[in-house]
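Just so we're on the same page, our numbering is the position in the sequence shown counted from 1, plus 19.
Below: the structure, in structure tokens.
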Amino acid sequence: MVSEFRGLPSVDKLLSEARLSHLQESFPRQFIVDLVRSRLQQERLSMAGGGSCPSTEELVTAICAEAHALTCPTLRPVINATGVILHTNLGRAALSEETRAAMDAVARGYCNLEFELDSGRRGSRQTHVEKLLCQLSGAEAALVVNNNASAVLLALTALAKRKEVIVSRSQAVEIGGGFRIPDVMRQSGAKLVEVGTTNCTYLSDYEEAIGPRTAALMRVHASNFRLTGFTHTVSLEELVGLGKQYDLPVFDDIGSGCLLDTTRFGLDAEPTLGQSISLGAGLVLSSADKLMGGPQAGVIVGDGGLVSRLKKHPLQRAGRIDKVRLAGLIATLIHYLKGEAVAKVPVWRMISAPLTEIGERAGRWAAAIGSSARVVEGETMVGGGSLPGGTLPTRLVAVGEEGRRKSSQVARRLGQRLSAQEVPIIGRISGQVLFLDPRSVLPEEDAVVLRALRDAAASLKLSR
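Printed below as a string of structure tokens:
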């Protein structure tokens, strides 16, 4: 085997090759040396398993490709034509122009993140956002951390460690990505006390579980599934009343961070920060990058005394928000304060877009592809762990037909061409048909979409 390895060129021999010598003008020599050694080791392992010895040219080509791949960012903007507005795998909420500008402004240099300009003393990053959140929710105090998982963990650790928190069995849920309420509860040091059954929980179930070690009652919004049939749940108002009777706070994890009445748009009612506060929840916890439409963050609003205890807890620093996302969240909240969220925040622009406008855009998209495309009726999902089962009527561009092999191949190839664009366009394949939904794409992105559709259709000879 050692004799077979002798067919591999030495490190120095490879480094002297013209293309690798040229590469060392753009990258540090040690970086290229490490790539060469790594590639040679991979080839030795391959040859030990029966693989053939590569040529010097093949090795150089592979090393050059790896060098460029490592230095080309893999995190790229895409256009979301899947028909899922808050697509978790595609980064959830798109941000408004003002939000992006605010984030860019503080990212370019220094800012008064924790500095009081009038006194010159150290300040708190929370002061920039707390009044906004209190104004919009009616809460006494507010705190922002890096995501809602951090918010839940912080609240439970700071206020219920080594104590008990009562939760309905139907709400001991997995939100997604392995985030399970029982696991978070265990990590916080709090003891989860499940009450009721999977489908029915009554106020008496909570009351019977209250004991000397009870720290709080907790409601977790079923943000990504729906219980139907014979069910019974306890309202937040009832839970708060029970909490007051026993001097226990209620933690309300509403998930989506909604600040608007979703029924205005033909959707089911989604709990809002303001509603939970008005009903008396001690703490309301949510994400900022779902229906709030901002950057990733965890929002906590509620009772001043409870929030103050969270601010002082060491875990708060471990989960604190950075300056860039804080600036983006502030800009997003200002849209709501000005009453312009529906016109400015992309998630609400998409939700509120008239069906006639969606249909006109779908028609232009289909025309760009040619006779292989047609416009059909469909449904857009809100997604992102919000409004489970909630959809909006839309118009889809469809390519391919179920059961027809040649047609389905066209759909697959077009989908591949679109996802290989400089700005990839991500659609949805269902039943051998490629669907593209304009509702989850902002109108200002249409020029890019139309150009990509024409180019892809021409390359596949679909436009005739």
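Even for Gly, the Cβ is constructed at its ideal location relative to N, Cα and C.
Q. DSSP three-state call for Val-97: helix, strand or coil?
A. Numbered from 1 along the sequence shown, position 78 holds the residue referred to as residue 97. Of the three classes helix, strand and coil, the one that applies to Val-97 here is coil, per DSSP.
Q.
Taking the straight line between their C-alpha atoms, what separation do you get for Thr-80 and Glu-62?
A. As a first step, residue 80 is located in the sequence shown; it is residue number 61 there, counting from the start. As a first step, residue 62 is located in the sequence shown; it is residue number 43 there, counting from the start. The straight-line gap from Cα to Cα measures roughly 14 Å.
Q: Just grab the DSSP bridge partners of Cys-277 for me.
A: As a first step, residue 277 is located in the sequence shown; it is residue number 258 there, counting from the start. Answer is Thr-291, bridged to Cys-277.
Q. DSSP three-state call for Met-122: helix, strand or coil?
A. Numbered from 1 along the sequence shown, position 103 holds the residue referred to as residue 122. Three-state result, Met-122: helix.
Q. What is the DSSP secondary structure of Ile-349, reduced to helix, strand or coil?
A. Against the sequence shown, residue 349 aligns to sequence position 330. Helix at Ile-349.
**Q.** Opening and closing residue of the beta strand (DSSP E) in which Val-303 lies
**A.** Taking the sequence shown and counting its residues from 1, the one referred to as residue 303 is at position 284. Where Val-303 is concerned, the enclosing beta strand (DSSP E) stretches over 302-306.
Q: Could you pull the start and end residues of the alpha helix (DSSP H) that Ser-143 belongs to?
A: Counting from 1 along the sequence shown, the entry for residue 143 is found at position 124. Segment: none, Ser-143 is in no alpha helix (DSSP H) and carries neither H nor E.
Q: Find out if the Cβ-Cβ distance for the pair Leu-255, Leu-298 is shorter than 8 Å.
A: One-based indexing of the sequence shown puts residue 255 at position 236. One-based indexing of the sequence shown puts residue 298 at position 279. Against a cut-off of 8 Å, the Cβ pair of Leu-298 and Leu-255 comes out as a contact.
Q: Confirm, please, whether the CB-CB distance from Leu-310 to Val-366 is below 8 Å.
A: Within the sequence shown, the letter at position 347 stands for residue 366. Within the sequence shown, the letter at position 291 stands for residue 310. Yes; because the gap between Cβ atoms is below 8 Å, this pair is in contact.
(Q) Give me, in chain order, the residues of the same chain whose beta-carbon lies closer than 7 Å to that of Arg-436; leave out the 5 immediate sequence neighbours on both sides. (A) As a first step, residue 436 is located in the sequence shown; it is residue number 417 there, counting from the start. Result list for Arg-436: Ala-475, Ser-478, Leu-479, in chain order.
Q | For Ala-160, the nearest candidate out of Glu-149, Val-186, Ser-169 (CA to CA) | A | Here the question's residue 160 lines up with position 141 in the sequence shown. Between Ala-160 and the set Glu-149, Val-186, Ser-169, the nearest pair of CA atoms involves Glu-149.
Q.
Quick check on the burial criterion: 16 or more other C-beta atoms within 10 angstroms. Buried or exposed for Arg-141?
A. In the sequence shown, the residue the question calls residue 141 occupies position 122. By the 10 Å Cβ count, Arg-141 comes out exposed.
Q. Run through DSSP, which three-state label would Val-442 get?
A. What you label residue 442 is simply residue 423 of the sequence shown in a count that begins at 1. DSSP places Val-442 in coil when its eight states are reduced to three.
**Q.** Cβ-Cβ distance between Val-192 and Met-400 below 8 Å
**A.** Position 173 of the sequence shown, counted from the start, is the residue given in the question as residue 192. Position 381 of the sequence shown, counted from the start, is the residue given in the question as residue 400. Between Val-192 and Met-400, the C-beta spacing is not below 8 Å.
Q | Residue range of the beta strand (DSSP E) that includes Pro-412 | A | The residue labelled residue 412 in the question sits at position 393 within the sequence shown. Where Pro-412 is concerned, the enclosing beta strand (DSSP E) stretches over 410-418.
(Q) For the structure I just gave you, are there three or more beta carbon pairs, one from the segment 174-186 and one from the segment 338-355, closer than 8 Å? (A) no
Q: With DSSP as the reference, label Asp-271 as helix, strand or coil.
A: The sequence position of residue 271 within the sequence shown is 252, counting from 1. Here Asp-271 sits in strand by DSSP.
Q: Check whether the Cβ atoms of Leu-302 and Ala-209 sit closer than 8 Å, and answer yes or no.
A: Residue 302 sits at position 283 when you count from the first residue of the sequence shown. Residue 209 sits at position 190 when you count from the first residue of the sequence shown. Result no, Cβ atoms of Leu-302 and Ala-209 do not sit closer than 8 Å.
Q: Could you give the DSSP three-state label for His-251: helix, strand or coil?
A: By one-based count along the sequence shown, residue 251 stands at place 232. Residue state, collapsed to three classes: strand.
Q: Just mark Glu-441 as buried or exposed, buried being the case when its beta carbon has 16 or more other beta carbons within 10 Å.
A: By 1-based counting over the sequence shown, the position of residue 441 is 422. Its Cβ having fewer than 16 others within 10 Å, Glu-441 is exposed.
Q) Of the choices Asn-218, Gly-248, Gly-262, whose alpha-carbon is the least far from that of Glu-226? A) Locating residue 226 in the sequence shown gives position 207, counting from the first residue. Of the listed residues, the one whose Cα sits closest to Glu-226 is Gly-262.
Q. Quick one: what's got a C-beta closer than 7 Å to Val-259's C-beta in the same chain, skipping five residues either side?
A. As a first step, residue 259 is located in the sequence shown; it is residue number 240 there, counting from the start. Once the five neighbours on either side are set aside, the close Cβ partners of Val-259 are Val-269, Leu-298, Gly-299, Ala-300.
Q) Whose CA, out of Ala-241, Ile-185, Gly-450, lies closest to the CA of Ala-234? A) Position 215 of the sequence shown, counting from 1, holds the residue named residue 234. Nearest C-alpha to Ala-234: Ile-185.
Q | Element boundaries [beta strand (DSSP E), containing Lys-210] | A | Within the sequence shown, numbered from 1, the residue matching residue 210 stands at position 191. Its beta strand (DSSP E) spans residues 210-214.
Q: Measure from the alpha carbon of Ser-189 to the alpha carbon of each residue in Leu-472, Met-66, Arg-414, Val-212, then state which is nearest.
A: Reading the sequence shown from its first residue, position 170 is the one you call residue 189. It is Val-212.
Q) Under 8 Å, do Ala-392 and Ala-417 count as touching if we go by C-beta distance? A) Position 373 of the sequence shown, counted from the start, is the residue given in the question as residue 392. Position 398 of the sequence shown, counted from the start, is the residue given in the question as residue 417. Contact: yes.
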